[in-house]
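Working notes, structure below.
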Amino acid sequence: MRVGTRLVSVFLATSAAVTAPGLAQAQTPGTPYHRAPDAIAKALETPPTPAVVLSPDHRTLAILGRENLPSIANLSKPILRLGGYRIDPATNGQAEVRVAWLNALSFQDVASGRTVAVKLPQGTRFAAPDWSPDGAHLAFYVQEPNGLSLWVADRDGSARVIAKGLNGTFGTPFMWTPDSRALIAYMVAPNRSAPPAADPTPAGPIVQESHGRTSAARTYEDLLGDAHDEALFDYYFTGQLVRVDLSGAAQAIGAPGLIADFSISPDGRYLLTERLKRPYSYLLPARFFPTEIAVATIEGQPVKTLVDRPLADDLPVDFDATVKGPRDAVWRSDAPATLVWAEALDGGNPKAKIAFHDKVMMQAAPFTAEPVELAKTPARYATTMWGDDDFAMVVDREWRSRTEHRLAVSPARPGETRMLLTRNYQDQYGDPGRPVLEENAAGKSVMRFTPKHDAVYVSGEGATKAGAFPFLATMPLSGSEQTRLWTAKPPYYESVVAMLDDQGRRILTRRESATLVPNYMIRSVKGGGVKPVTRFTDPAPVFAGVTQRTITYTRADGLPLSGSLYLPAGYDAKRDGPLPTLLWAYPAEYTDAKVAGQTVDQGNRFVRPRGISHLFLLTQGYAILDNPAMPIIGEGGAEANDTYVQQLQADAQAAVDAVVKLGVADRARMAVGGHSYGAFMTANLLAHTKLFRAGIARSGAYNRTLTPFGFQAEQRTYWQATDTYTKMSPFTYADRIKAPILLIHGGADDNSGTFPIQSERMYAALKGNGATVRYVVLPNEPHGYRALESTEETLWQMTDWLDRYVKPPVPAAPPAAR
């Protein structure tokens, strides 16, 4: 759907049976943006807390000022939507909505706390800060009016531009060489002429055809649509790899092309590239285009072609489906130049009944010997965490069962594997954490071994019923039980950022609590003092008085559930009585009821809303039950969605009963809301229950026949599960929705399946059946809204809707006639 030039389009339909006092029957398209209520607007205008990036040598923190919400003017600059990407043709980079821009930089010494500000030109916007492997320099790219430039800052506070004309269409367009002396940058193709112009007169029809070959595809956004789109894709995405040293001297590497990804071998001698090729697809994004994965010397001389695969348009719709042949090619992090990749043993179809679905292959430079098989995996290969010749950890995952396997392998003895563990990866209580990964001298991530080299360090969330308390442990290479070295203590949530010595005695942590702003600390593992490193302050003190607690309750079938209950600052239950309450949720699918019922108290987290967060409504007198568990469970091979509506009803009933029983929520003044799949949930709850007085549905999909090849966690197609698709679609039951519902949608939604037409058609269905409904289109906004004006509009609309339909007390029933 092409986005028009209107500021905001607002549509309103009101049934004759339910009409709010003074509420007009319609609003004219083109209504100016509304400012959010004052308390919300002031919080939104406060700069966010800086981001932090630790240098590889753990000596320096890069403190990064984050840009606040962009203006709608910035968001509305011309963009191109090609092959699943959104790009800015003026800069040859990613579109505004795809970049987290930074606006300030300083370096802080971890040990002394001394801070040096980096002097950047006023108004500089930059992104993708990346430390050199030796920790002496920080590289980043800067947005200029007509392009992207590559900068390097030093720890003394100096900064300089070393290259102009980066090509950022595929993402971050540079990478450090392992010796920290240069960067490999993806640049705009040399001697490029003007972009191809569109011919307003069609050359002919656009024809697509298929001859009996199965080629199912999910519903994707921003696809190529015609020959002119193909020409634009070639023009903007084609680039040249260039070696740029710290003085700015540049040398081209190899031939230009559509280089979607590249990486440098740890010894700095080779380049691994992924090049896209024709023919393109009008049904699939660029990641499915024909792809050549190849190795060249660092000077660009071809060495080996790993695979030259065709268009991947024949994959099954299953989530674990994959391409045939080599894929996921990377460099082994702990070796000079060893190529590693995965290959499907099941032809890419995860439904094949075989013991192993993937194999992991290795081949060392100069790539003339036959590849060797490192391991076979029971499920689909996910990643490898490298250590040394004697120990690495291969991880696989199976979506259907939510199973994860971790295998110990010895790269020096390929083919020998030991099963370290098998677990449900949704299991929070049983999460053993993951090995601590740190960059080696080449800038590649490797596992951190203990001094005796008999174990690796592991960190994790430490989830329990009482809360999440991150930990540091050692995991013996033998696979025996872990030994906890340190665990965060209440009332803190304190995660491990880095180890500051080889023995694991001192660590850098990020500590927070319900009342303490997250800050970085140096602490001793075996007790002793804690030394603050940063001193960030509360970005939104208006929320300081808000109370939060995790509540637990039980579904009718006995399943334990939980949610985070927030109450407004200054609220007193005895004095103020039950409040109008919003339930904001997002359903999740599980294969194990025990895992679905796990509760983790969130009371030690520091919560400050940003953007379009529903938590801003706390400033307007509402109680909020945030993320109440909405599990949809399919055990023993059963399909969870076959009982979606029934389980959703039971989840919502239990949540409402729980907050009403506590005395903080008024059963007659309950609202429900959600974003994306939460919007889908909202419409279903309004159609199938009478629990809620109103609903808010943002950027949802409501008619599953428009996503016929799967959606969310549903792997079956519409033709395989027609009844489920129909019954799960609230569009089917639009005539049953009697409570007022607010629909909001980004006019340029970029999420698979949530085309704006979903809300457009749902609005038409609701209006045609006499519902009370408002439909708000936010121009140029993607799936998650970004512009300040759109954010304030969204929060104004949500507040206005709940103030109209939920906050007012329900009129008392007239006395019975005598």
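Per mature numbering (1 follows the signal peptide of the UniProt record, and there is no 0): the sequence shown = residues -26 to -1, 1 to 792.
All C-beta atoms in this analysis are idealised placements derived from N, C-alpha and C, irrespective of residue type, glycine included.
Residue pairing by DSSP puts M473 in a beta bridge opposite I481.
Secondary structure note for H202: its alpha helix (DSSP H) is the uninterrupted segment 201 to 211. Taking C-alpha positions only, T279 is separated from A270 by approximately 9 angstroms.
Annotation: G503 to I37 spans about 24 angstroms, alpha carbon to alpha carbon. As DSSP reads the structure, Q627 sits in no beta bridge. In chain order, D196 place their CB closer than 7 angstroms to the CB of R55, counting only its own chain and leaving out the 5 sequence neighbours on each side. Taking a cut-off of 8 angstroms for Cβ pairs, the region 700 to 716 and the region 768 to 779 touch, as three or more such pairs fall below it. The C-alpha of I606 lies about 44 angstroms from the C-alpha of D208.
Ranking I158, A675, S255 by CA distance to the CA of L220 puts I158 first. In chain order, I525, Y527 place their CB closer than 7 angstroms to the CB of A632, counting only its own chain and leaving out the 5 sequence neighbours on each side. Taking one beta carbon from each stretch, the region 333 to 348 and the region 305 to 323 have 3 or more pairs nearer than 8 angstroms; the two touch. R643 and F517 have their C-alpha atoms spaced approximately 23 angstroms apart. By the criterion of a C-beta distance shorter than 7 angstroms, G109 is surrounded in its chain by S29, P30, D31, R33, T34, once the five residues flanking it on both sides are discounted. Contact between P253 and W305 is absent: CB atoms are separated by about 30 angstroms, not below the 8 angstroms threshold. Inter-segment contact for the region 724 to 734 and the region 693 to 701 is absent: fewer than three beta-carbon pairs are separated by less than 8 angstroms.
Inter-residue distance for L395 and P152 is about 34 angstroms (C-alpha atoms, whole angstroms).
In the three-state reduction of the DSSP assignment, W770 falls in the helix class, which pools H, G and I. Between L250 and F263 a beta carbon distance of about 5 angstroms is seen, short of the 8 angstroms cut, so the two are scored as contacting. By the Cβ criterion, the region 344 to 355 is in contact with the region 372 to 380, since at least three pairs of Cβ atoms, one from each stretch, lie closer than 8 angstroms.
With respect to the C-alpha of P230, the residue from G242, Q214, A224 having the closest C-alpha is Q214. With a cut-off of 8 angstroms on Cβ pairs, the region 359 to 368 is not in contact with the region 396 to 406, counting fewer than three such pairs.
Under the three-state reduction of DSSP output, S123 falls in the strand class.
Residue state for R748 is assigned as strand, using DSSP reduced to three classes.
Here K548 has no same chain residue with a Cβ atom under 8 angstroms from its own Cβ, once five neighbours each way along the sequence are excluded. Beta-bridge annotation (DSSP): W460 is paired with L446. Under the 8 angstroms Cβ criterion, the region 762 to 769 does not count as touching the region 675 to 688, having fewer than three qualifying pairs. Contact between the region 580 to 598 and the region 544 to 561 is present, with at least three C-beta pairs closer than 8 angstroms. Around the Cβ of I328, a 10 Å sphere holds fewer than 16 other Cβ atoms; the residue is exposed.
Remark: three or more beta-carbon pairs, one from each stretch, lie closer than 8 angstroms, so the region 659 to 666 and the region 702 to 713 are flagged as touching. In the DSSP assignment, H662 falls outside any beta strand (DSSP E) and within the unbroken alpha helix (DSSP H) covering 651 to 662. As summarised for the region 272 to 298, the continuous beta strand (DSSP E) elements at least 3 residues long and confined to that stretch are 276 to 283, given in chain order. By the CB criterion at 8 angstroms, A761 and L124 fall outside the cutoff. Excluding sequence positions up to five before and after P259, its CB lies within less than 7 angstroms of the CB of G57, G58, Y194, L197, all in the same chain and listed in chain order. In the three-state reduction of the DSSP assignment, L776 falls in the helix class, which pools H, G and I. With fewer than 16 other CB atoms across the displayed protein chains lying within 10 angstroms of its CB, I180 is exposed. DSSP places P103 inside the beta strand (DSSP E), whose first and last residues are 100 to 105.
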